[in-house]
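Asker: Dropping the structure in here first, questions after.
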C-alpha cells in the first residue's frame, strides 16, 4: 500500500521525535476541496513540528478545518496575491526552517524526517532543502510525464554535495525551466532572512526566487526520494495563468535571463507543451 492510500486510514500515533526548529505553514485559499488532504498529510508526519495556516481569503471552510486539526490560523489583511500570501506564510514561522505548503498538494509522512536527516549531513547549514516529487491528477492518481522526468534529470547535479553550493551549477539547473517544485522546498530563514519572495512575477515567482537563491552562497540539500505529490487539476492557479497567457509571457521573460532571444524562441516551442498537462 502506498503512503498516499494510508491517508484514508486512522492517523498514526504521533512520533516521540519532534523537530522544534521547523514549521509547516499552509497557504489556504478560498474553499479548496483538497485542503483537508494536505493538512492530514502534514499532521501525520513521522517527525512532528509546528504547523500554522495562513489565508487572505478567510471563510468558514478554512476556519473549520483549522479548528478541527487544532492549527493556529493567521488571516492576512489586503488583496490576495501569491507574493504577499507566500511572504505572510514564510514570515509567520518563528523557526529556522519553514516549508510553505500549498493546499492542493500531499506530503509523504516521511517528508520532515528525510528533510532533517538530509540537511544534517552537510558540514555547513544548507540554505534550502529540495526533494523530488510526482505529479497527480485531481483524483490523486499518480502519473509521470516528459516534463517531470526532464525536471528530475536537471536536478541530478544536486545529488553531488560538492556541486550543490556552486552558483553556476545551481543556475544551470534552472536554465532549461523551473526544475524545482516549490512546495517541495524547505527554506533556511536564518540564512535567507525575512520576506524572501521579492520577485515582481505573478506566476513565476518561484522560478525567479530560486534564481535569486542560486546567486547566493549556500547549498541546496537534495533528496531524490519522492516526498511530495504535486496535484495538477483544472482549477489550479497554474491553469488560470496558462489560459490568460500570463504563464507563457513570464516563461519567456525567465528564459531571457539565461539565453539570447533566438534560443528562447526554440525553447518556448518545447516548453509550452508542458501546459497540456492541465487540460
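Numbering (this note's numbering), first residue to last: 263 to 541. Note that the Cβ used here is the ideal one computed from N, Cα and C, for glycine as well. Since the model is a prediction, treat every value here as computed from it, not as a measurement.
Of all the options 303, 307, 349, 330, which has the alpha carbon lying nearest to the alpha carbon of residue 461?
Answerer: Locating residue 461 in the chain shown gives position 199, where the first residue counts as 1. Looking at the Cα atoms, 349 is the closest of the given residues.
Asker: So, residue 482 versus residue 420, is the Cβ gap smaller than 8 Å?
Answerer: Mapped onto the chain shown, residue 482 falls at position 220. Mapped onto the chain shown, residue 420 falls at position 158. Yes, these two residues count as a Cβ contact at 8 Å.
Asker: Is it buried or exposed for residue 287, if we count other Cβ within 10 angstroms and need 16 for buried?
Answerer: The sequence position of residue 287 within the chain shown is 25, counting from 1. Its Cβ being crowded by 16 or more others within 10 Å, residue 287 is buried.
Asker: Do residue 445 and residue 484 have their C-beta atoms within less than 8 Å of each other?
Answerer: Numbered from its first residue, the chain shown carries residue 445 at position 183. Numbered from its first residue, the chain shown carries residue 484 at position 222. No.
Asker: Find the nearest neighbour of residue 364 within the set 382, 472, 300, 477, judged by alpha-carbon distance.
Answerer: Here residue 364 corresponds to residue number 102 of the chain shown, with the count starting at 1. With distances taken between Cα atoms, residue 364 lies closest to 300.
Asker: Which of helix, strand or coil does DSSP assign to residue 421?
Answerer: Translated into positions along the chain shown, residue 421 becomes position 159. In this structure, residue 421 counts as helix in the three-state DSSP scheme.
Asker: Could you check how far apart the C-beta atoms of residue 449 and residue 366 are, in whole angstroms? I think they sit under 8 Å.
Answerer: In the chain shown, counting from the first residue as 1, residue 449 sits at position 187. In the chain shown, counting from the first residue as 1, residue 366 sits at position 104. Incorrect: roughly 20 Å between the Cβ atoms, too far for contact.
Asker: Can you name, in chain order, every residue of its own chain whose Cβ lies under 7 Å from the Cβ of residue 358, other than the five neighbours on each side?
Answerer: Position 96 of the chain shown, counted from the start, is the residue given in the question as residue 358. Correct list, in chain order: 283, 450, 451, 452.
Asker: For the beta strand (DSSP E) holding residue 315, just list the boundary residues, first then last.
Answerer: Along the chain shown, read from residue 1 onward, the residue named residue 315 stands at position 53. Taken as a continuous stretch (DSSP letters only), the beta strand (DSSP E) holding residue 315 covers 310 to 317.
Asker: Identify which residue in 439, 522, 423, 326 has its Cα closest to the Cα of residue 486.
Answerer: Residue numbering aside, residue 486 sits at position 224 when the chain shown is read from its first letter. Closest by alpha carbon: 423.
Asker: Flag this pair as yes or no: are the beta carbons of residue 506 and residue 530 separated by less than 8 Å?
Answerer: Counted from its first residue, the chain shown places residue 506 at position 244. Counted from its first residue, the chain shown places residue 530 at position 268. No. Outside cutoff.
Asker: Take residue 536 and list the residues in its own chain whose beta-carbon comes closer than 6 Å to its own, dropping the five residues that flank it on each side.
Answerer: Position 274 of the chain shown, counting from 1, holds the residue named residue 536. Closer than 6 Å at Cβ, skipping near neighbours: 409.
Asker: Please work out which residues of its chain come closer than 6 Å, Cβ to Cβ, to residue 335, disregarding the five sequence neighbours upstream and downstream, and give them in chain order.
Answerer: The count along the chain shown starts at 1 and reaches residue 335 at position 73. Same-chain partners within the cutoff: 315, 328.
Asker: Would residue 391 pass as a contact of residue 380 if the rule is Cβ separation under 8 Å?
Answerer: As a position in the chain shown, residue 391 is number 129, starting the count at 1. As a position in the chain shown, residue 380 is number 118, starting the count at 1. Going by C-beta atoms, residue 391 is nearer than 8 Å to residue 380.
Asker: Could you tell me if residue 307 is buried or exposed, where buried requires 16 or more neighbouring beta carbons within 10 angstroms of its beta carbon?
Answerer: Numbered from its first residue, the chain shown carries residue 307 at position 45. Result: buried.
Asker: Using a Cβ-Cβ cutoff of less than 6 Å, which residues in the same chain neighbour residue 312 once the five nearest sequence positions on both sides are dropped?
Answerer: The residue given as residue 312 occupies position 50 in the chain shown. So the qualifying residues of the chain are 285.
Asker: Where does the unbroken alpha helix (DSSP H) through residue 299 begin, and where does it stop?
Answerer: The count along the chain shown starts at 1 and reaches residue 299 at position 37. Segment 297 to 305, the alpha helix (DSSP H) holding residue 299.
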